[in-house]
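All residue numbers for the sequence shown refer to my numbering, where the first residue is 1174 and numbers rise by one. This report concerns only the one structure given below.
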Amino acid sequence: MAILAVIFILIPPLNETPLRIVFALPLIFFIPGYAFIAMMFPKRDISNIERFTLSIGFSIAITVFNGFALSLTQWLFRPNSISISLLIITVIFAVLAYPARRRHLEEDQFTFSVHGFIESIRSDDENVPEKDRIPPEIEKALIIALVVSIIIAAGMLVYAKTTQEEEQFTALYILGPEGMAENYPTNAFLEEPITVTVGIENYEKQDVNYILQMQLDGEVLQTLDVTLSDEEKWEKDLTYHPEQMRMGRSKLEYALFKEKVSLNPYSSVNLQITHEYPIEYLQELAEEEEKGSSDILHVLENYDMEQNTSWSFKTNDKNFSGSYVKGEGIFDSQAFVFKLPYEGKLPFYSGQYYEMSQNFRSDKKGTFVLSLFVKDTYKPRIVEINQTQFKQILVNNILVWETAVGGDYNWQHVHLPVILNEGNNLITLRAIQRSNNDVHPVEIIWDEVTILPISELSPYSENGLLELNPPRSEMVPLPISVNTTDFEVEWNGTDIGSGIEYYLVEYSIDGENWQTWLSESNETSATFTGVNGNDYYFRTQAMDGAGNWEIVHDTPDTNTTVDLTEP
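Here is the structure:
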């Protein structure tokens, strides 16, 4: 019965049914006391009505004592803690009652019977042999103990009520566009502001100087000083203006501090915002660019990491390091490698980072494409809830791209639109580890960081990444010889990502020196005109929509000979 009560009190959806009350009442007002009386009086030495009355009385006393004890612990007086603790107490009494019953003959042991209980209520004379009755002194002492327990329990309740300090707290909340706690904005678009009503209510029993910060992914966007007297309420509309394109989800947080800003806020609420690409807007920009004069390509110095110059480096942990390493690049060239050595749980109160950055100039404000390659060496996939190490890209100190280390242990081709200011701009490549989390040794490799015109933005970019799987193509085998100078050549190809964009088809008369036949063909067949007596070798190379070229075939795909000799 006690186990059923705990199940119906704690486990959804059972705890949402009326049976919760049906089972909870006996657990509080009867079961613990009944188990206690069963332990104290295993024989038939008290009547059913006495046993019933004592069970209720001692259950009330046990529940009150237990609740008072729980209120002094970390678990407090809560449905979960009180129900589980009463179950444990009942089990302890039941276990102790078992050997007490075993010491007596079976016919002398008390057994509960509904019929016997009803009969005992109707009967004025209890059917308990005189020799089995408990002595009047013990019965009197038992009643006195019960009364004293109830008085003490009542006193504890009165004491708890009169000495309880009124709760002191601050209420921090956000409201949607209709002034209700619903319909919060979830998507952010460039140049479309997001407005949320933020409210603070002071119930601290004193005047409090609050500091409210609006933060996006940890970056402080706005700070407000708010002073409120006790029970005073404050509300204000705060607006977030997206000024830079970002990838994926961001946390728009409203952090509240008391008196001064500290590492952890006193209270906070947040929204998860998904930044959306304004595809139509980007397409219009690309079309305008193609109609007008092309933009000056913004070339970063040492963009390919082949020199040991131009980039600046910064870290807040002396154990983090970085260096230019030959043979680590995307094309087996030189690249820059971050080295993060920690293994285990970080014992620090702030996150660690290592970053490289470069200032460069733009001749105008506009939207461009940031393209680069990055990979990390941590092979096991990291479960989402354990993501503690990240690769980040910032433009003008605004986070525009982030992904977890271990999410893809091959090269990733970052390809995303960014907004550059006229004049000076700053690009930052960063590795960061969250504090108080388990981390792993890892190296992060960066290469080929370039700024491209917006017209170069690939429609196959997803979450700021282009797939790197190259396409495959092959020629349809030709016969050993053909008896015509004009003959059909066929080929085909596959690509699991963005699809085939076009083919480069080449031919050779010796199988070694190749010439371009079709440079950007969208077809899969064409008529080739040869010369009688010549051997012709063919090969094809495909490029997909993401700009990935198929590896050049070292050997011909097919070959044939033009032979006009009559059979």
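The beta carbon of each residue, even a glycine, is placed where N, CA and C say it ideally should be.
For residue i, which of helix, strand or coil comes out of DSSP?
i, result
"R1603", "strand"
"N1221", "helix"
"N1569", "coil"
"N1732", "strand"
"F1430", "strand"
"F1266", "helix"
"Y1271", "helix"
"L1200", "helix"
"M1212", "helix"
"S1435", "coil"
"G1684", "coil"
"V1578", "coil"
"E1365", "strand"
"P1626", "strand"
Check this for me: beta carbons of residue i and residue j, under 8 Å apart or not?
i, j, result
"T1734", "S1654", "yes"
"E1405", "N1382", "no"
"T1343", "Y1439", "yes"
"F1546", "W1584", "yes"
"G1206", "I1182", "no"
"E1340", "I1503", "no"
"G1372", "E1408", "yes"
"Y1118", "V1612", "Residue 1118 lies beyond the range of the chain shown here (1174 to 1740); nothing can be said about it."
"V1498", "T1550", "no"
"F1231", "F1196", "no"
"P1729", "G1684", "yes"
"T1561", "N1610", "yes"
"A1354", "P1415", "no"
"F1493", "K1512", "yes"
"S1671", "D1717", "yes"
Name the residue from the options whose alpha carbon lies nearest to the alpha carbon of residue i.
i, options, result
"L1436", "D1477, G1391, L1397", "G1391"
"Q1417", "E1661, S1671, P1252, V1573", "V1573"
"D1490", "F1238, Q1606, R1193", "Q1606"
"L1269", "I1194, A1211, L1589, R1603", "A1211"
"M1648", "T1263, S1256, E1663", "E1663"
"P1252", "R1193, D1717, E1355", "R1193"
"F1711", "F1660, D1668, I1618", "F1660"
"V1591", "N1656, T1488, E1449", "E1449"
Suppose the cutoff is 7 Å on Cβ atoms and the five residues either side in sequence are ignored; what does the same chain contact list for residue i look like?
i, result
"S1694", "Y1675, Y1676, V1678"
"N1597", "N1532, R1534"
"V1725", "Q1714"
"Q1388", "L1394, E1426, A1428"
"S1258", "N1239, L1243"
"T1263", "A1175, I1204, P1205, A1208"
Once the 5 residues before and after residue i are set aside, which same chain residues still bring their CB inside 8 Å of it?
i, result
"I1294", "Residue confidence for I1294 is low, a pLDDT of 49 falling below 50, so the modelled location carries little weight; the figure read from the coordinates is stated next. Excluding residues within five positions, the ones whose Cβ falls inside 8 Å are N1221, I1222."
"R1276", "P1215"
"L1691", "Y1676, L1677, V1678, A1699"
"G1352", "T1370"
"V1704", "T1658, V1735"
"T1359", "L1444, Q1445, I1446, T1447"
"L1473", "S1483, Q1531, F1533, I1600, V1622, T1623, I1624"
"F1203", "S1228, I1229, S1232"
"E1595", "S1535, D1536, K1537, K1538"
For residue i and residue j, what's the separation of their Cα atoms in angstroms?
i, j, result
"E1575", "F1563", "7 Å"
"L1177", "R1274", "24 Å"
"Y1413", "L1249", "40 Å"
"S1467", "I1624", "Note that S1467 has pLDDT 48, beneath the 50 cutoff, so the model's placement of it is unreliable and no number is given."
"L1425", "I1384", "17 Å"
"T1738", "P1650", "22 Å"
"V1399", "Y1346", "15 Å"
"Y1357", "S1244", "37 Å"
"G1637", "L1630", "10 Å"
"T1702", "R1419", "52 Å"
"E1501", "L1641", "17 Å"
"Q1386", "I1571", "17 Å"
"R1422", "G1539", "23 Å"
"K1537", "E1365", "22 Å"
"N1569", "V1578", "23 Å"
"Y1709", "H1586", "38 Å"
"L1397", "E1432", "12 Å"
"L1543", "G1495", "22 Å"
"I1255", "M1213", "23 Å"
Could you name the residues of the same chain whose beta carbon sits closer than 6 Å to that of residue i, not counting the 5 residues immediately before and after it, in chain order?
i, result
"T1601", "E1528, S1530, L1567"
"E1189", "none"
"A1715", "P1644, S1646, G1666, I1673, Y1676, E1723"
"Q1507", "M1478, E1479, Y1497, K1499"
"S1681", "W1687, Y1710"
"D1410", "T1368, T1370"
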